[in-house]
Amino acid sequence: MQTNGAHTQTEIAPKKVAEEKPRHIAFICSKGTLDMAYPALVMGWAALGNGIDVTIFFTFWGLDIINKHRVDHLEIAPVANTSMKMSMMGVPGNLGIPQLLGVLPGMTAFATALMKDKMRKLEVPPVREYLQMLVDGGAKLYACKMSVDMMGLTMNDFVEGVQGIVTAGDFMDMTEGAQIVFI
Amino acid sequence: MPTKTIAGTTVHVNDEGFLTDPNEWNRDIAAAIALEEGIAELTPAHWKIIDFCRQSATSTGKAPTLRAITNGTGLSTKELFALFPKGPAKKVARIAGLGKPEGCV
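First to last, the sequence lines map onto chains A and B.
What the first sequence shows, in numbering that gives the first Met the number 0, is residues 0 to 182, in sequence order.
What the second sequence shows, in numbering that gives the first Met the number 0, is residues 0 to 104, in sequence order.
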């Protein structure tokens, strides 16, 4: 145990927990591709772990993430994805996946399987499990009313834990003072 | 490096109050930090998590992530958040005398 030097000695003071209003982050998920499902899940989970309140609003294609018929089938397409290179498959350099190959049947499934495999090796949970972790950790999930009406969905189409279908105005009310991240 | 006296022991801490040397930790320190974090009493369930984190850190050299904790202890996410409410990632690591968990899940 070190006792010399100019270090500071502090006493234990009770934290001012009750007086502080907790930080609140709200995510708007507007995309339904596999790669765009993860940012809110990863950041939301990190926020919960740090004691930050989390609200996630799913709109347009983002509804696929909480749609129980779609959540296990989110995909990533190689077409028009300039960041997806052959290097993901071990080919050195910046060689892209030729767009004409990308449109072939099975290429989207191939790219999706590749990404899921990489995620699994990093022990990143699948989207459905991640959502459940967030719900269990206290995140509040909502579906956008206009998108739900447009796509002919109901609460029965959503995974467990989605709290309700709300309007844009409701979202504004429930995220007053929150930091908002649009994805 | 600042020091802090916790439960009668002087330990080295960083700016956020995490112990910088896990070997300076003991169970009384854990109880005192828990009290600071608003946890009045460490129950056997709390200790199960703390002990797992200590063991995990001994073998890997870093504090486990929340998912590693639930997988490793068999406790559910809900139970983990109930035992260490409002930010279990930091709270567990701090009480266990470890650094912040490394890893995003």
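Even glycine gets a Cβ: it sits at the ideal position worked out from N, Cα and C.
{"Asked": "Determine the direct distance from the alpha carbon of Lys117/A to that of Ser82/A, and round the result to whole angstroms.", "Found": "16 angstroms"}
{"Asked": "Since Val180/A meets chain B, which of its residues come closer than 8 angstroms, beta carbon to beta carbon?", "Found": "Under the 8 angstroms cutoff, chain B gives no residues; its nearest Cβ is about 16 angstroms from Val180/A."}
{"Asked": "Look up Gly163/A in the DSSP assignment and say whether it is helix, strand or coil.", "Found": "strand"}
{"Asked": "Roughly how many angstroms separate the alpha carbons of Val147/A and Asn66/A, rounded to a whole number?", "Found": "10 angstroms"}
{"Asked": "Specify the secondary structure class of Ala33/B as computed by DSSP and reduced to three states.", "Found": "helix"}
{"Asked": "Examine chain B for any beta-carbon lying closer than 8 angstroms to the beta-carbon of Pro21/A, and answer yes or no.", "Found": "yes"}
{"Asked": "Against chain B, with Cβ distances strictly below 8 angstroms, would Glu159/A count as a contact?", "Found": "no"}
{"Asked": "What residue range does the beta strand (DSSP E) around Ile179/A cover?", "Found": "Gln178 to Phe181"}
{"Asked": "By the 10 Å Cβ neighbour count, where 16 or more other Cβ atoms means buried, how is Gly4/A classified, buried or exposed?", "Found": "Residue confidence is low: Gly4/A scores 46 on pLDDT, short of 50, so the model does not pin down where it sits. Its coordinate-derived value is still stated next. Burial call: exposed."}
{"Asked": "For the structure I just gave you, are there three or more beta carbon pairs, one from the region 165-177 of chain A and one from the region 89-100 of chain A, closer than 8 angstroms?", "Found": "no"}
{"Asked": "What residues from chain B crowd round Ala45/A, counting only those whose CB sits closer than 7 angstroms?", "Found": "Cys103"}
{"Asked": "Just mark Val0/B as buried or exposed, buried being the case when its beta carbon has 16 or more other beta carbons within 10 Å.", "Found": "Val is not the amino acid found at residue 0/B; the sequence shown has Met there. Result: exposed."}
{"Asked": "Using a Cβ-Cβ distance under 8 angstroms, would Arg26/B count as near chain A?", "Found": "no"}
{"Asked": "Mind checking if Gly98/B is an interface residue toward chain A, Cβ cutoff 8 angstroms exclusive?", "Found": "no"}
{"Asked": "Indicate whether at least one CB of chain B lies closer than 8 angstroms to the CB of Gly190/A.", "Found": "A query on residue 190/A cannot be resolved here, the shown segment of chain A reaching from 0 to 182 and no further."}
{"Asked": "Here's a check: name, in chain order, each residue in its chain whose Cβ is nearer than 8 angstroms to the Cβ of Thr8/B, leaving out the five neighbours to either side.", "Found": "Glu23, Asn25, Asp27 and Ile28"}
{"Asked": "Residues of chain B with a CB under 8 angstroms from the CB of Pro124/A: which are they?", "Found": "Arg66 and Val104"}
{"Asked": "Quick check: what's the CA-CA separation for Leu79/B versus Met106/A?", "Found": "41 angstroms"}
{"Asked": "Can you tell me whether Arg66/B is buried or exposed, with buried defined as 16 or more other CB within 10 angstroms of its CB?", "Found": "buried"}
{"Asked": "Check whether chain A comes within 8 angstroms of Ala88/B, counting only Cβ atoms and requiring the distance to be less than that.", "Found": "yes"}
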